[in-house]
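Below you'll find the structure, written out as structure tokens, and then a few comments.
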Amino acid sequence: MTAFLAGLGFSALAVFIAEMGDKTQLVAMSLATRYRALTVILGITAATAVVHIASVFIAEVLGASLPTDWITLVAGIAFLIFGAWTLRGDEMSAKDEERAASRRIKSAFVTVFTVFFIAELGDKTMLTTIAVGTQYDWLPVWLGSTVGMVAADAIAIVLGAVLGRKLPERAVRIGAASLFFVAGAVMVGQGVLMLLA
């Protein structure tokens with residue numbers, strides 16, 4: 001039970017941090033300007049659950065075929081890279097906005113699901129889920145990563161509606177990047193110690 005809660009908590013926190021300032025957060029805000037907030041949340045939840053179940057499956061395959069010490073080291077390096085990626089920022093291009101706007105499907109839920117699913121493929125949060133999934137069992141990572149993603153996007157939708165563009169994006173980016181750097185450094189340290197043991 002302790003391992004389940006650790007996997008759930010760590011994956012939720014890691015993906016929550018990864019989503020801060022990410023382009024999919026901008027997609028969520030954009031969708032919320034066109035559709036009801038509940039529809040956007042439900043569509044994002046469904047899309048995230050599908051993408052992240054694939055992510056934990058990839059992590060399970062990697063975890064079964066690679067030694068734990070190397071996985072920990074690589075996951076730590078990945079977190080350091082995610083920190084740099086977060087610090088650099090991730091913006092939605094005009095082409096991305098055009099694609100999101102052009103995906104008009106009759107059902108608002110299907111539109112939100114489709115747009116968010118496509119935006120999430122290969123995104124930082126998907127890669128974060130894979131990295132965390134190599135450290136914990138698939139179920140708590142899947143549930144935690146989905147909860148973390150939806151929580152970050154729900155906050156973004158609410159804050160975006162209330163505060164508009166007044167959010168300190170740079171401060172959010174620096175804070176999220178710092179947390180990635182700390183987690184990455186700890187995992188790299190653990191991986192090196194396991195290799196030396």
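The sequence shown begins at 1 in the working numbering and counts up by one.
Yeah, the Cβ is synthetic: ideal placement off N, Cα and C, and Gly gets one too.
Since this is a predicted model, take the numbers as computed values, not measurements.
**Request:** Tell me where the alpha helix (DSSP H) around residue 7 begins and ends.
**Result:** Against the sequence shown, residue 7 aligns to sequence position 7. Looking at the DSSP string, the run of the alpha helix (DSSP H) that includes residue 7 is 2-19.
**Asked** How would you write the range of the alpha helix (DSSP H) that residue 108 sits in, first residue to last?
**Response** Here residue 108 refers to the residue found at position 108 when the sequence shown is read from its first residue. Segment 108-120, the alpha helix (DSSP H) holding residue 108.
**Message:** Suppose you measure from the CA of residue 190 to the CA of residue 73; what does that come to, to the nearest Å?
**Reply:** If you number the sequence shown from 1, residue 190 lands on position 190. If you number the sequence shown from 1, residue 73 lands on position 73. So the alpha carbons of these two residues sit roughly 7 Å apart.
**Message:** Measuring straight from C-alpha to C-alpha, what distance separates residue 43 and residue 127?
**Reply:** Numbered from 1 along the sequence shown, position 43 holds the residue referred to as residue 43. Numbered from 1 along the sequence shown, position 127 holds the residue referred to as residue 127. Cα-Cα distance, rounded: 20 Å.
**Item:** Per-residue burial, residue 65 [other beta carbons within 10 Å of its own, 16 or more giving buried]
**Value:** As a position in the sequence shown, residue 65 is number 65, starting the count at 1. Label assigned to residue 65: exposed.
**Asked** With a CB to CB cut of under 7 Å and the five nearest residues on each side skipped, what residues in its chain are close to residue 119?
**Response** Walking along the sequence shown from the start, residue 119 turns up at place 119. Answer for residue 119: 23, 24 and 27, listed in chain order.
**Request:** Pull up the distance between the alpha-carbon of residue 178 and that of residue 77, whole angstroms please.
**Result:** As a working mapping, residue 178 is identified with position 178 in the sequence shown. As a working mapping, residue 77 is identified with position 77 in the sequence shown. Near 14 Å, if we compare the C-alpha coordinates of residue 77 and residue 178.
**Message:** Could you tell me the alpha carbon to alpha carbon distance between residue 116 and residue 60, rounded to whole angstroms?
**Reply:** For the purposes of this step, residue 116 is taken as residue 116 along the sequence shown, with counting starting at 1. For the purposes of this step, residue 60 is taken as residue 60 along the sequence shown, with counting starting at 1. Looking at the two C-alpha atoms, the distance is approximately 24 Å.
**Prompt:** Are residue 30 and residue 140 closer than 8 Å when you measure CB to CB?
**Reply:** As a working mapping, residue 30 is identified with position 30 in the sequence shown. As a working mapping, residue 140 is identified with position 140 in the sequence shown. No, these two residues do not count as a Cβ contact at 8 Å.
**Item:** Cutoff 7 Å; reference residue 58; Cβ partners in own chain excluding five residues on either side
**Value:** As a first step, residue 58 must be located in the sequence shown, where it is residue number 58. So the qualifying residues of the chain are 130.
**Prompt:** Does the separation of the CB atoms of residue 62 and residue 146 fall below 8 Å?
**Reply:** Locating residue 62 in the sequence shown gives position 62, counting from the first residue. Locating residue 146 in the sequence shown gives position 146, counting from the first residue. In this structure, residue 146 does not lie closer than 8 Å to residue 62 by Cβ.
**Prompt:** Using the C-alpha atoms, what's the distance from residue 187 back to residue 195?
**Reply:** For the purposes of this step, residue 195 is taken as residue 195 along the sequence shown, with counting starting at 1. For the purposes of this step, residue 187 is taken as residue 187 along the sequence shown, with counting starting at 1. Roughly 12 Å separates the two Cα atoms.
**Item:** Whole-number beta carbon distance between residue 16 and residue 122, since they are thought to touch under 8 Å
**Value:** What you label residue 122 is simply residue 122 of the sequence shown in a count that begins at 1. What you label residue 16 is simply residue 16 of the sequence shown in a count that begins at 1. Wrong, their Cβ atoms sit about 19 Å apart, outside the cutoff.
**Request:** Leaving aside the five residues before and after residue 152 along the sequence, list all residues of the same chain whose C-beta is less than 7 Å from its C-beta, in chain order.
**Result:** Against the sequence shown, residue 152 aligns to sequence position 152. So the list reads 16, 19, 20 and 25, once near-sequence residues are dropped.
**Asked** Which of the three DSSP states, helix, strand or coil, is assigned to residue 134?
**Response** Position 134 of the sequence shown, counted from the first residue, corresponds to residue 134. Of the three classes helix, strand and coil, the one that applies to residue 134 here is coil, per DSSP.
**Backbone secondary structure at residue 197 - three-state DSSP** = On the sequence shown, residue 197 is found 197 positions in, with the first residue counted as 1. Residue 197: coil per DSSP, three-state reduction.
**Item:** Whole-angstrom C-beta distance between residue 45 and residue 150, which should lie under 8 Å
**Value:** What you label residue 150 is simply residue 150 of the sequence shown in a count that begins at 1. What you label residue 45 is simply residue 45 of the sequence shown in a count that begins at 1. Yes, residue 150 and residue 45 are in contact; Cβ-Cβ is about 5 Å, under 8 Å.
**Request:** Compute the distance between the beta-carbons of residue 39 and residue 112, then report whether it is under 8 Å.
**Result:** Here residue 39 refers to the residue found at position 39 when the sequence shown is read from its first residue. Here residue 112 refers to the residue found at position 112 when the sequence shown is read from its first residue. Going by C-beta atoms, residue 39 is nearer than 8 Å to residue 112.
**Nearest residue (CA-CA) to residue 37, options 142, 157, 174 and 85** = In the sequence shown, counting from the first residue as 1, residue 37 sits at position 37. Among 142, 157, 174 and 85, the Cα nearest to that of residue 37 is on 157.
**Item:** Rounded separation between residue 198 and residue 34 - CA only
**Value:** The question about residue 198 has no answer, for the chain in this structure spans 1 to 197.
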